[in-house]
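> Would you mind keeping the following structure in view while I ask a few things?
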């Protein structure tokens with residue numbers, strides 16, 4: 001039989017894990033909301049152009065360099 005201290009420790013661990021899970025679930029829900037919002041916005045914008053992967057990567061690198069220079 002487990003000692004009362006061990007049981008309390010396990011209960012504390014379980015509560016911490018449950019809290020962590022709750023935070024993760026909230027983050028996931030928020031991410032889904034943001035994704036849905038931007039998907040709707042992209043659907044409304046007819047000016048969205050497709051880019052090839054190399055061009056997209058180059059644009060991202062340029063943006064990062066610009067932002068880094070501004071900081």
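Residue numbers (UniProt numbering): 1 to 71.
Note that beta-carbon positions come from the ideal geometry of N, C-alpha and C, so glycine has one too.
In terms of residue numbering, what span does the alpha helix (DSSP H) encompassing residue 53 cover?
Its alpha helix (DSSP H) spans residues 53-70.
> Hey, residue 10 and residue 2: beta-carbon distance below 9 Å or not?
For residue 10 and residue 2, yes; Cβs fall inside 9 Å.
> Helix, strand or coil for residue 3 per DSSP?
Note: residue 3 maps to coil in three-state DSSP.
> According to DSSP, simplified to helix, strand and coil, what is residue 30?
Residue 30 falls in the helix class under three-state DSSP.
> Straight-line CA distance for residue 63 to residue 14?
Computed Cα separation, rounded: 43 Å.
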